[in-house]
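Colleague: Residue 258 is where the sequence shown ends in the numbering used here, and the numbering goes up by one at each step. All C-beta atoms, glycine included, are put in the ideal place defined by N, C-alpha and C.
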Amino acid sequence: MKLELDDRVALVTGASRGIGLAIAAALAAEGAKVALAARGADTLNAARATIGGQSSVHIADVTDPTAVATLMQDVEKQWGRLDILVCNVGSGASVPPGKEIAAEWSRMMDLNFLATTNMIEAARPLMARGSGDRAIVCISSIAGMAAIGAPVTYYAAKAALNATVRGLARPLALEGIRINAVAPGNILAADGTWARKLAENKTAVEDMLAREVALRRLGKPEEVADLVAFLASLRAAFITGTVVVADGGQLRS
6 MKLELDDRVA LVTGASRGIG LAIAAALAAE GAKVALAARG ADTLNAARAT
56 IGGQSSVHIA DVTDPTAVAT LMQDVEKQWG RLDILVCNVG SGASVPPGKE
106 IAAEWSRMMD LNFLATTNMI EAARPLMARG SGDRAIVCIS SIAGMAAIGA
156 PVTYYAAKAA LNATVRGLAR PLALEGIRIN AVAPGNILAA DGTWARKLAE
206 NKTAVEDMLA REVALRRLGK PEEVADLVAF LASLRAAFIT GTVVVADGGQ
256 LRS
């Protein structure tokens, strides 16, 4: 399916590895011009070399609103507009349930919720000045939809993100911008949590998958990326305000 992303300008945060890198590569393969943002220069430059196509790199900590404002200025200066925003920054690494303290709540909300709202706020004026279909896609998690054994701080942050996507759909639509989220399940990235868990105890991971996941396997970053590319494209022009699950059948409701 041709997604009609030729010459569209996309900004992907957390683009140096894992799901973010796969998303950047998928958009570039569809002909988009891709701005890659992350905190590390070396990994960003390596990512840019990997995806090919027309791209730029932007070093930014998107939990910092000042840095985000500068990032948006740089993207506008580089490309002149912004058609697609993919908010991919986040992490589920936190404290066990019942061990939360104020500082950890703040850290996890900054990383998994406010990093995204910072980007939406800063990108909105530039995207609103554009024409044609414009789209925001946020990377959430099934942890924002059900208790699956993740840290409570992560549940709360991703649930807030999902609610924000639904709540912003109507006002953004008035500006010609769609917004959706993708909620992945367990994704195997080269240097991610599940790669570590497989190395530590492959049998335990296989038992969990057999017990909890209908398809009995881990997902791939590329599978999430293909869904993001679809939601960012004209093929999804009638979809907004939704959270699309990609978890191999782990959620049961």
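Determine the extent of the beta strand (DSSP E) in which Leu90 is found, giving its start and end residues.
Modeller: It spans Ile89 to Cys92 - the beta strand (DSSP E) in which Leu90 sits, taken as one unbroken run.
Colleague: How long is the line joining the alpha carbons of Lys7 and Glu35, rounded to whole angstroms?
Modeller: Looking at the two C-alpha atoms, the distance is approximately 8 Å.
Colleague: So who's on the other strand from Ile28, going by DSSP bridges?
Modeller: Per DSSP, none; premise fails for Ile28.
Colleague: Return helix, strand or coil for Arg171, following the three-state DSSP convention.
Modeller: Note: Arg171 maps to helix in three-state DSSP.
Colleague: Please report the distance separating the alpha-carbon of Leu68 from that of Gly253.
Modeller: Reading off the sequence shown, one finds Thr at residue 68, where the question assumed Leu. Going by the C-alpha atoms only, they are around 30 Å apart.
Colleague: Is Ala40 close to chain C? Criterion is C-beta to C-beta, closer than 8 Å.
Modeller: The structure shown contains no chain C, having only a single protein chain.
Colleague: Please classify Ala178 as buried or exposed, where buried requires at least 16 other C-beta atoms within 10 Å of its C-beta.
Modeller: Exposed is the call here.
Colleague: Select from Asp11, Asp138 and Pro102 the residue whose C-alpha is nearest the C-alpha of Phe243.
Modeller: If we check each option's Cα against that of Phe243, Asp138 comes out closest.
Colleague: Whole angstroms are fine: how far does the CA of Gln59 sit from the CA of Ala148?
Modeller: One C-alpha to the other measures close to 34 Å.
Colleague: So, do the region 169-187 and the region 230-249 have three or more beta carbon pairs nearer to each other than 8 Å?
Modeller: Yes: at least three Cβ pairs fall under 8 Å.
Colleague: Could you give the distance in angstroms between the alpha-carbon of Arg240 and the alpha-carbon of Ala230?
Modeller: Roughly 15 Å between the two C-alpha positions.
Colleague: Using only CA atoms, which one of Glu217, Arg201, Pro130 and Thr158 lies nearest to Ile182?
Modeller: Ranking Glu217, Arg201, Pro130 and Thr158 by Cα distance to Ile182 puts Pro130 first.
Colleague: Starting from Arg183, follow its DSSP beta bridges and name the residues at the other end.
Modeller: Paired residue(s): Ala140.
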